[in-house]
Amino acid sequence: MKIIVCMKQVPASTQVEIDPETGAMKRLGGNTRTNPYDLFALETALQIREKTGGTVTVLTMGPAHAEEMMRDAYTMGADEAVILSDRKFAGSDVLATSYTLAQGIHVLGGADLILCGRQTTDGDTAQVGPAIAEHLGIPHCAWVSEILHVEQDSIEVRQDLASETQVSRVQFPCLITVDKDMCVPRLPSYLLKKATADRPVKILTYEDLPDKDLTRYGLIGSPTSVARMFAPPASDSQVYFEGSAAEKTEKLFAVLTSRKMI
Numbered sequence: 028m029k030i031i032v033c034m035k036q037v038p039a040s041t042q043v044e045i046d047p048e049t050g051a052m053k054r055l056g057g058n059t060r061t062n063p064y065d066l067f068a069l070e071t072a073l074q075i076r077e078k079t080g081g082t083v084t085v086l087t088m089g090p091a092h093a094e095e096m097m098r099d100a101y102t103m104g105a106d107e108a109v110i111l112s113d114r115k116f117a118g119s120d121v122l123a124t125s126y127t128l129a130q131g132i133h134v135l136g137g138a139d140l141i142l143c144g145r146q147t148t149d150g151d152t153a154q155v156g157p158a159i160a161e162h163l164g165i166p167h168c169a170w171v172s173e174i175l176h177v178e179q180d181s182i183e184v185r186q187d188l189a190s191e192t193q194v195s196r197v198q199f200p201c202l203i204t205v206d207k208d209m210c211v212p213r214l215p216s217y218l219l220k221k222a223t224a225d226r227p228v229k230i231l232t233y234e235d236l237p238d239k240d241l242t243r244y245g246l247i248g249s250p251t252s253v254a255r256m257f258a259p260p261a262s263d264s265q266v267y268f269e270g271s272a273a274e275k276t277e278k279l280f281a282v283l284t285s286r287k288m289i
């Protein structure tokens, strides 16, 4: 089975820089980490490979320094790593990001199963995975909390959909987005780190993609834009409530309501 896992680097703290002209987050430097949800997707892919055989390829869109994340994936057991990196991809919203990733998947020859984390901790839209599936014209299941069965031609999963739980069976090729806590990501292996030290991380640019329509990529291909983005100011102030549990709950509710937090 051929499996592709889409991954992303996200800020490791709230100390991020914002481009004042585009409103987009600057991703060329700073402290980053692998999006936590994507680690669950990678672990799920590795467990499926252990049962069915095949390969696991990790794919990301981002600057060249994303190679560090790709090498971390190697130490967990990924077989191949690919970065989509080009200035033409900068400033992409959900639509442009998902389209670029779908184009990258075309270059890789497609996959039987594509896995994504449920969402990213910087954007929190939970839309990129399903959008990739729509661009590729394949079925998808979002918010998957458990893999029930993997057959030769299909996969059966359990989805937690807010107020409902749904069991779905989809034919390959398909895409699923993985929720947290469905598995425990394995620790990086020192032996794998040594074994994969010379394994290349492939770089794909705009010129490698089959669709050369510039209006589908980056800031130009993004119909949505961020008006303003900022890190919330840190505060050391604290509020204490006195009284019974019911009284304190009522006071907390009143404060949150007055500040329009709920």
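Sequential numbering of the sequence shown, starting at 28, is according to the working numbering.
Glycine included, each C-beta is placed from N, C-alpha and C at the ideal position.
Computed from a predicted structure; not experimentally measured.
Worksheet item: Ordered along the chain, which non-local residues of its own chain (more than five positions away) have a Cβ less than 6 Å from that of P157?
Response: Hits under 6 Å: H167 and A169.
Discussion item. Assuming L218 and V134 are in contact, meaning their beta carbons sit under 8 Å apart, how far apart are those beta carbons, in whole angstroms?
Written reply: About 31 Å separates the CB atoms of L218 and V134; that is not less than 8 Å, and the two are not in contact.
Discussion item. So within the stretch 182-228, which uninterrupted beta strand (DSSP E) runs reach at least 3 residues, ignoring any that extend past its ends?
Written reply: If we require 3 residues or more, the beta strand (DSSP E) runs fully inside the stretch 182-228 come out as 191-198 and 201-205.
Discussion item. Report the CB separation of I31 from I132 in whole angstroms; it is logged as a contact under 8 Å.
Written reply: About 6 Å separates the two Cβ atoms, so the contact holds.
Worksheet entry | Nearest residue (CA-CA) to T251, options S172, T152, P212 and I182 | Answer by Cα proximity: T152.
Worksheet item: From E173, H92 and A272, pick the residue whose C-alpha is nearest to that of E183; which is it?
Response: That would be E173, whose Cα lies nearest to the Cα of E183.
Worksheet item: Quick one, are the C-beta atoms of V177 and K78 less than 8 Å apart?
Response: Closer than 8 Å, so yes.
Discussion item. For the pair the stretch 187-196 and the stretch 73-91, tell me if three or more CB-CB distances fall below 8 Å.
Written reply: No, the stretch 187-196 is not in contact with the stretch 73-91.
Worksheet item: How long is the line joining the alpha carbons of T71 and C210, rounded to whole angstroms?
Response: Their backbone Cα atoms lie some 7 Å apart in a straight line.
Worksheet item: Can you tell me whether DSSP reads R255 as helix, strand or coil?
Response: Here R255 carries a coil assignment [DSSP, helix/strand/coil].
Worksheet entry | C-alpha gap between L175 and I75, whole angstroms | If you draw a straight line from the Cα of L175 to the Cα of I75, it comes to about 11 Å.
Worksheet entry | Span of the beta strand (DSSP E), counted from its first residue to its last, around T84 | Where T84 is concerned, the enclosing beta strand (DSSP E) stretches over T82 to M88.
Worksheet entry | Assigned secondary structure, M34 (DSSP; H/G/I helix, E/B strand, else coil) | Strand, per DSSP.
Worksheet item: Taking the Cβ atom as the reference point for each residue, do N62 and V37 lie within a distance shorter than 8 Å?
Response: Taking 8 Å as the Cβ cut-off, N62 and V37 qualify as a contacting pair.
Worksheet entry | Unbroken alpha helix (DSSP H) run spanning H167, endpoints | If you look at H167, you'll find it isn't in any alpha helix (DSSP H); it sits in the beta strand (DSSP E) that goes H167 to V177.
Worksheet item: Any idea what DSSP makes of G144, helix, strand or coil?
Response: Note: G144 maps to strand in three-state DSSP.
Item to complete: Would you mind sorting Y267 into buried or exposed? The rule is 16 or more other CB atoms within 10 Å of its CB.
Response: Exposed.
Worksheet entry | According to DSSP, residues forming a beta bridge with Q230 | The sequence shown places Ile at residue 230, not Gln. I230 pairs with I110.
Item to complete: Between the Cα of I159 and those of T204, S190 and T223, spot the shortest distance and give me the residue it belongs to.
Response: Ranking the options by Cα distance to I159, first place goes to T204.
Discussion item. Residues in the same chain with beta-carbon distance under 6 Å from K278, minus the five sequence neighbours each way, listed in chain order, please.
Written reply: F268, listed in sequence order.
Worksheet item: So what's T276 in DSSP terms, helix, strand or just coil?
Response: If DSSP states are grouped into helix, strand and coil, T276 belongs with the helices.
Practice prompt. Verify whether the separation of the beta carbon atoms of A123 and Y244 is less than 8 Å.
Written response: The answer is yes: Cβ separation under 8 Å.
Fill in: Range of the contiguous beta strand (DSSP E) that encloses T59
From DSSP, the beta strand (DSSP E) with T59 extends over T59 to T61.
Item to complete: Take the Cβ of Q130 as the centre, count every other Cβ of all protein chains shown within 10 Å, and call the residue buried at 16 or more, exposed below.
Response: Result: buried.
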